[in-house]
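A short write-up of the structure that comes next.
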Amino acid sequence: MVEISPDQFGFVPERWTIDAIFIARQLVEKYREKNKPCHLAFLDLEKAYDRLPRTVLWEVMRERGIPEYMVRTVQVMYDGSTARVRTSHGMTSKFDITVGVHQGSALSPFLFIMTLDTVVKHLLEGPPFTLLYADDVALIADSRAELQLKIHKWQTALADAGFKLNLKKTGVMGSIGGGDAVLDGNATAFTQTEEFQYLGSILSADGTVDAAVRGRIACAWLKWRESTGILCDRRCSRVLKGKIYRAVVRPAMMYGSECWPVSNTRKNVEHGGDAHA
1 MVEISPDQFG FVPERWTIDA IFIARQLVEK YREKNKPCHL AFLDLEKAYD RLPRTVLWEV
61 MRERGIPEYM VRTVQVMYDG STARVRTSHG MTSKFDITVG VHQGSALSPF LFIMTLDTVV
121 KHLLEGPPFT LLYADDVALI ADSRAELQLK IHKWQTALAD AGFKLNLKKT GVMGSIGGGD
181 AVLDGNATAF TQTEEFQYLG SILSADGTVD AAVRGRIACA WLKWRESTGI LCDRRCSRVL
241 KGKIYRAVVR PAMMYGSECW PVSNTRKNVE HGGDAHA
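Letter by letter, the sequence shown follows residues 1 to 277 in the UniProt record's numbering.
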């Protein structure tokens with residue numbers, strides 16, 4: 001049996017996005033309560049599923065003690081994969097595909113998180129200082145210098161395994177503004193932000209949830225507008241409209257609300273949305 005580290009919350013039984021969001025939010029709040037600086041880096045891997053070298057995958061499966069017949073069974077699923085590219089000058093000749101896991105396969109998420117777990121196992125510090133959800137990585141440090149060192153180590157380990165950071169989607173956030181920029185291994189500055197959408201919920205450097213609440217309201221209204229064909233149709237019964245609201249609009253509005261501190265303002269978000277329904 002292959003055990004995945006507790007740092008990984010993606011595709012693992014009894015672990016959810018809400019767990020990772022709650023840990024990250026609590027960490028920022030507790031650091032601010034103690035007036036200590038908290039620095040976070042949110043790393044995004046560029047086309048992670050498509051870039052995974054299959055040679056690395058076979059090595060990892062054997063390293064994790066998976067029986068050879070199972071390794072060969074998975075290899076058979078991937079052997080002989082070819083592709084052709086349509087261009088303005090016609091179709092290219094066939095070429096072999098030696099990287100990536102199958103899109104849509106139920107096995108692919110496990111193969112990916114097992115590989116990532118093995119590649120960076122020497123860097124994992126455990127929650128709350130390392131949070132993984134599939135290819136989304138959150139690193140927490142007490143200082144910018146420590147955070148930059150962590151990023152460099154992760155970038156090197158990932159590059160050695162054939163992965164690459166998506167610099168456009170990677171962000172850095174600190175509870176105390178100002179200071180020098182955080183650089184990657186190539187001296188490129190990461191985007192500094194006061195708010196970052198982590199696993200669908202907005203985290204704020206000041207530890208508040210106001211931005212997250214506004215984001216959920218905006219998302220709920222978007223889903224409402226997408227459903228107006230039914231919700232505003234007089235020919236549709238109230239029962240049907242209620243079902244659509246509870247299945248489409250309300251989940252979008254309340255996602256991540258388990259992590260919000262209770263206040264009258266936040267209560268009104270829920271009650272106001274239900275009243276409109």
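Glycine included, each C-beta is placed from N, C-alpha and C at the ideal position. Since the structure is predicted, the reported quantities are computational estimates derived from the model, not experimental observations.
Residue 259 is positioned such that its CB atom lies closer than 7 Å to that of residue 21. Contact between residue 37 and residue 202 does not hold, since their C-beta atoms are separated by about 21 Å, which reaches or exceeds 8 Å. If you look at residue 187, you'll find it isn't in any alpha helix (DSSP H); DSSP assigns it neither H nor E. In this structure, residue 43 lies away from residue 163, with their beta-carbon atoms at least 7 Å apart.
In this structure, the alpha-carbon of residue 150 lies about 42 Å from that of residue 92. If the five residues before and after residue 57 are omitted, its C-beta is found closer than 7 Å to the C-beta atoms of 111, 115, all from its own chain and listed in chain order. For residue 49, the enclosing alpha helix (DSSP H) starts and ends at 48–51. Fully enclosed alpha helix (DSSP H) runs of no fewer than 4 residues occupy 228–231, 238–244 of the segment 213–244, in order along the chain. Going by C-alpha positions, residue 14 is about 26 Å away from residue 47. The alpha-carbon separation between residue 10 and residue 126 amounts to approximately 15 Å. For residue 44, the uninterrupted beta strand (DSSP E) segment begins and ends at 39–44. For residue 170, there is no enclosing alpha helix (DSSP H), since its DSSP letter is neither H nor E. When only Cα atoms are considered, residue 170 and residue 74 end up about 32 Å apart.
Rounded to the nearest angstrom, the gap between the Cα atoms of residue 7 and residue 130 is 6 Å. Its chain contains 182, 183 as the residues whose beta carbon lies nearer than 8 Å to that of residue 148, once the 5 sequence neighbours on both sides are disregarded; these appear in chain order. Contact between the segment 245–253 and the segment 216–230 is established, with three or more Cβ pairs separated by less than 8 Å.
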